[in-house]
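Engineer: Those protein sequences? They're chains A and B, same order as listed. Heads up: the first sequence runs through residues 157 to 589, numbered per the numbering used here. Heads up: the second sequence runs through residues 157 to 589, numbered per the numbering used here. C-beta: ideal position from N, C-alpha, C; glycine also.
Number of protein chains: 2
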Amino acid sequence: MDEQIEKYFKYTSPDEALERILKNSRLSPRVIDVSVHESLGYVLAEDIVSTIPIPIDNIAHFDGYAVRSSDTLKASTINPLRLKVVGRIDSIREHNLDIKDGETVYVVTGAKIPKNADAVIPVERVRLLGEYIEILEPVKRGEHVTFRGADIDGGEIIQKKGDIVRPQTIKYLLDTGRYRVKVYDKPRVALIGIGDELTSNIEEANGKKLETSSIMVSYYVKEFGGVPIRFEAVPDSPSQIIKTVKNSLRENDICVTIGGVSLGVRDLCWTTLSKLPESMPIARGLKVQPGRATSVVLIDGKPVIMLPGHIQSTISGTINILVPLISCMQGLPIKDLFPRVRAEIVEDLTVREYISFTRIRFVKLAKNRDGFIAKPILGDSSMIGPLISCNGFIKIPEKIEKISRGSKLDVYLLSWSELLYLFSKYNEWTGPS
Amino acid sequence: MDEQIEKYFKYTSPDEALERILKNSRLSPRVIDVSVHESLGYVLAEDIVSTIPIPIDNIAHFDGYAVRSSDTLKASTINPLRLKVVGRIDSIREHNLDIKDGETVYVVTGAKIPKNADAVIPVERVRLLGEYIEILEPVKRGEHVTFRGADIDGGEIIQKKGDIVRPQTIKYLLDTGRYRVKVYDKPRVALIGIGDELTSNIEEANGKKLETSSIMVSYYVKEFGGVPIRFEAVPDSPSQIIKTVKNSLRENDICVTIGGVSLGVRDLCWTTLSKLPESMPIARGLKVQPGRATSVVLIDGKPVIMLPGHIQSTISGTINILVPLISCMQGLPIKDLFPRVRAEIVEDLTVREYISFTRIRFVKLAKNRDGFIAKPILGDSSMIGPLISCNGFIKIPEKIEKISRGSKLDVYLLSWSELLYLFSKYNEWTGPS
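1) Once DSSP output is grouped into helix, strand and coil, what is the label at residue 565 (chain B)?
2) Please go through the same chain and pick out, in chain order, the residues whose beta-carbon is closer than 7 Å to the beta-carbon of residue 561 (chain B), but skip the five residues on each side of it.
3) Please confirm if residue 418 (chain B) has its CB atom under 8 Å from at least one CB of chain A.
4) For residue 473 (chain B), which residues of its own chain have a beta-carbon under 6 Å away from its beta-carbon, when the five flanking residues on both sides are left out?
5) Report yes if the C-beta distance between residue 348 (chain A) and residue 387 (chain A) is below 8 Å; otherwise report no.
6) Measure the C-alpha to C-alpha separation of residue 177 (chain B) and residue 485 (chain B) and round it to an integer number of angstroms.
7) When you compare the CB of residue 372 (chain B) with every CB in chain A, is at least one pair closer than 8 Å?
8) At a Cβ cut of 8 Å, what residues of the stretch 291–312 of chain B count as close to chain A, listed as they run along the chain?
9) What ranges does the alpha helix (DSSP H) occupy inside the stretch 471–530 of chain B, keeping only unbroken runs of at least 4 residues that lie completely in it?
10) Please classify residue 212 (chain B) as buried or exposed, where buried requires at least 16 neighbouring CB atoms within 10 angstroms.
11) At a CB-CB cut-off below 7 Å, which residues of chain B make contact with residue 279 (chain A)?
12) Does the beta carbon of residue 256 (chain A) come closer than 8 Å to any beta carbon on chain B?
13) Tell me the start and end of each unbroken beta strand (DSSP E) in the stretch 222–265 of chain B that is at least 3 residues and wholly inside, in chain order.
14) List, in chain order, every chain A residue whose beta-carbon is nearer than 7 Å to that of residue 187 (chain B).
15) I need the straight-line Cα distance from residue 226 (chain A) to residue 276 (chain A), nearest angstrom please.
16) Are the stretch 308–327 of chain A and the stretch 218–232 of chain B touching by the rule of at least three beta carbon pairs closer than 8 Å?
17) Under 6 Å Cβ to Cβ from residue 558 (chain A), same chain only, skipping five residues before and after it: list those, please.
18) At the 8 Å Cβ level, is residue 221 (chain B) part of the contact set with chain A, yes or no?
19) Pick helix, strand or coil for residue 376 (chain A), following the three-state DSSP scheme.
20) Could you pull the start and end residues of the alpha helix (DSSP H) that residue 174 (chain B) belongs to?
21) For the stretch 189–208 of chain B against the stretch 252–267 of chain B, do three or more pairs of beta-carbon atoms, one drawn from each stretch, fall closer than 8 Å, so that the two count as touching?
22) Please list the partners that residue 345 (chain A) has in chain B, where partner means a Cβ-to-Cβ separation under 7 Å.
23) Take residue 334 (chain A) and list the residues in its own chain whose beta-carbon comes closer than 7 Å to its own, dropping the five residues that flank it on each side.
24) For residue 569 (chain A), which residues in the same chain have their Cβ closer than 8 Å to its Cβ, ignoring the five residues on either side in sequence?
25) Which whole runs of the alpha helix (DSSP H) in the stretch 264–302 of chain A are 4 residues long or more, in chain order?
26) Leaving aside the five residues before and after residue 294 (chain B) along the sequence, list all residues of the same chain whose C-beta is less than 6 Å from its C-beta, in chain order.
27) Considering only residues of the same chain and omitting the five flanking positions on each side of residue 296 (chain B), which have a CB-CB separation below 7 Å?
28) Assuming the contact rule is C-beta atoms closer than 8 Å, residue 359 (chain B) and residue 572 (chain B) should be a hit. Round their C-beta distance to whole Å, please.
29) Bridge partners of residue 187 (chain B), per DSSP?
30) Could you tell me which of B:406, B:331 and B:564 sits nearest to residue 367 (chain A), measuring between CA atoms?
31) Under a three-way DSSP split, which group does residue 463 (chain B) fall into?
32) In the DSSP assignment, the beta strand (DSSP E) including residue 386 (chain A) goes from what residue to what residue?
33) At 9 Å on the CB atoms, spell out the chain A contacts of residue 369 (chain B), in chain order.
34) When the Cβ atoms of the stretch 421–428 of chain B are set against those of the stretch 394–413 of chain B, are three or more pairs found closer than 8 Å?
35) Does the beta-carbon of residue 469 (chain A) have 16 or more other beta-carbons within 10 angstroms, so that it is buried, or is it exposed?
36) Could you tell me which residues DSSP puts in a beta bridge with residue 216 (chain B)?
Below is the structure:
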């Protein structure tokens with residue numbers, strides 16, 4: 157009977173579970189050195205400081221003639237100014253050219269302009285007369301010239317530790333001769349489907365069910381910045397569960413099991429994994445519904461997240477525990493990680509059950525004249541239909557029993573592909589006001 | 157002199173240029189058959205119709221005892237109901253079990269319940285007495301049972317042609333035995349940096365500049381759903397430009413050149429490519445600033461987009477022409493493709509130049525109590541600094557000369573990684589109201 161009681165849920169809030177994991181685990185951002193070419197989307201683990209001014213010289217912004225602006229003060233259509241072309245800088249190269257009174261030098265875009273020059277007149281604005289050009293208007297100092305350091309000064313912090321690498325960051329790094337950069341490694345997440353009825357082998361699907369939950373979760377892991385490592389499905393066998401989980405932790409940061417974590421006779425994940433000598437129980441059940449069977453232990457200091465197998469519960473555990481941990485490992489914030497839009501709910505929604513829990517409900521978004529509207533898509537936690545129809549979820553805080561039609565609330569999108577999906581449907585993005 | 161004039165810009169609006177390309181090119185979405193495992197983020201080229209009801213049987217939602225709800229009407233703590241356990245369904249399998257008056261069968265989660273049963277009582281809510289269970293309360297019809305077709309009915313359209321594939325769509329397809337799906341192919345985009353001063357080879361960078369613009373653009377191509385194919389940098393040589401561009405079009409859908417498209421002596425892209433017999437000029441210059449040198453021809457019916465080389469102009473051409481074409485090829489809308497947020501501008505912004513053009517200005521976002529605020533980051537189009545500081549851009553429509561401090565406007569984010577960047581900084585997403 158003790159055995160029996162030990163299996164029951166003692167629900168913990170997701171925030172508390174996360175706090176316990178972070179306090180007791182060996183989980184922390186890991187700094188690695190990657191090729192700049194591969195750094196898109198990674199989080200910087202170092203400040204990027206500009207080592208050289210950009211541009212390094214005063215350079216021409218257009219193909220044209222480099223002049224001293226002071227020479228041109230009186231130029232006009234009535235009084236055209238002639239300047240002698242004393243040189244050509246046809247390519248971007250180092251040189252020591254100079255100009256004097258009444259002289260000009262042809263320069264191409266991006267080339268260093270001669271000493272003493274401080275402006276460039278684009279080719280299309282001059283008349284070419286043999287060795288001379290004719291200018292019909294004054295030119296201002298700095299016109300079509302970018303002075304040394306005007307773009308980025310030496311010694312500036314360009315990007316901070318914690319910033320996400322974007323395409324333009326990559327160009328900047330390569331342009332300044334930096335080919336490697338320190339970033340936080342993407343956490344490796346092992347995914348293991350659990351259940352006698354499952355197989356990972358399409359050929360073998362005869363009689364068995366293809367294990368697809370770990371496939372679905374692998375995409376969420378990827379979209380939020382982790383590296384998913386899928387394992388073959390494991391039957392409801394304590395020894396095999398232990399073996400595979402421990403094996404998976406050897407080379408991965410987080411282990412996720414899916415299925416076998418509720419209270420039935422075949423639900424062996426918690427009873428098996430929480431009793432290992434190297435195991436530290438973190439949460440047996442979460443105060444979220446669906447997903448309340450989600451349980452967590454640390455094994456040798458690494459989190460093992462046991463997700464329930466019903467699809468809506470699997471996703472709830474993913475949202476509430478797995479995604480925040482993936483963010484944390486990358487040096488990102490762990491709260492409010494989902495893109496969201498503000499929407500008006502179009503039906504009364506009554507949620508009396510699990511009143512001390514956060515309740516997750518999936519909603520379908522549409523638009524009317526005033527903005528997004530959200531329609532709850534109900535159905536029990538095993539149903540995939542609501543997830544296919546929906547665009548995101550709402551969180552109903554503890555103690556709230558009813559959300560009235562017409563209320564405005566935040567709808568969280570499940571993933572970045574979900575945002576793209578929504579965006580492509582409504583051809584515009586409107587978020588919370 | 158004709159030569160000279162032919163080179164000059166005749167600006168076309170981006171919308172008109174796109175219309176001409178779509179009308180005259182061979183560009184259209186291409187349907188391919190991919191493994192469902194690889195379909196995330198692709199756009200469906202077929203409706204997904206449910207072929208079988210889900211679930212296919214009436215199934216148990218929890219491990220427990222399958223009963224006929226009508227048997228339990230009078231059960232109470234005072235009057236416990238005993239039912240005889242006449243069978244066990246320990247695994248998810250086909251069977252023909254039946255129950256009669258006063259009988260029950262143990263079932264595991266996901267298993268088909270016996271004929272005549274219409275509810276399941278979870279294990280933790282019964283007392284086990286040898287071959288019998290004792291029930292202390294009535295059970296409602298359908299409790300903890302998912303009836304055949306209750307999740308998804310046969311014959312329903314689950315996802316429409318044009319929908320983006322999400323993680324849950326993949327699970328659905330695999331669960332129903334579909335391992336391949338028709339999607340629109342990702343367009344292949346050739347990228348060619350042009351300029352005597354450039355090299356694609358880090359080793360050779362001595363004296364030459366590493367060609368990095370095509371690297372930056374390759375990430376935008378990727379983020380918006382294209383497949384970037386980078387070519388080695390090409391010098392300012394008509395024959396080499398023609399050779400590489402034509403070569404690149406053999407296996408790719410769109411060719412993008414970067415640099416060499418303005419009016420200088422080394423700007424050979426337009427003069428060279430627009431004169432080929434197989435070339436159809438589309439636009440010599442765009443009514444956008446920066447980016448006004450962006451030019452387009454069709455060669456053998458395929459678009460060649462000539463982007464200017466100054467970084468802000470490169471990005472403007474990418475935003476205005478390339479990204480819409482990548483979207484179009486995938487069967488997605490071609491307008492308003494960028495995620496955006498509503499923000500209050502915190503400085504007067506005066507933009508008198510190119511008054512008949514759309515002007516793009518880059519802005520940095522921050523937050524105050526009321527939401528996002530946008531600060532314009534000015535600097536000429538060759539500067540990368542503003543792009544590193546900024547989070548997105550605003551569009552200033554033709555004829556507008558001034559945007560006053562305090563105005564609310566849409567800020568478009570440059571890419572999905574930019575959205576993640578913003579999101580990680582402000583830990584929340586607020587969009588246009």
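Structural biologist: Straight from the coordinates:
1) strand
2) 501, 502, 503 and 504
3) yes
4) 447, 450 and 463
5) The answer is yes: Cβ separation under 8 Å.
6) 12 Å
7) yes
8) 302, 306, 307 and 308
9) 479–485
10) When all chains shown are included, residue 212 (chain B) counts as exposed.
11) Within 7 Å of the CB of residue 279 (chain A), the CB atoms of chain B belong to 419 and 420, in sequence order along the chain.
12) no
13) 237–245 and 259–263
14) Result: empty, since nearest Cβ-Cβ is about 17 Å, beyond 7 Å.
15) Rounded to the nearest angstrom, the two C-alpha atoms are 12 Å apart.
16) no
17) 506
18) no
19) If DSSP states are grouped into helix, strand and coil, residue 376 (chain A) belongs with the helices.
20) 170–180
21) no
22) Simply none; closest approach about 14 Å.
23) Excluding sequence neighbours, residue 334 (chain A) sits near 192.
24) 494, 495, 496, 497, 547, 548, 575 and 578
25) none
26) 228, 229 and 231
27) 225 and 275
28) Incorrect: roughly 33 Å between the Cβ atoms, too far for contact.
29) B:340
30) Ranking the options by Cα distance to residue 367 (chain A), first place goes to B:331.
31) strand
32) 383–386
33) 327
34) yes
35) buried
36) B:301
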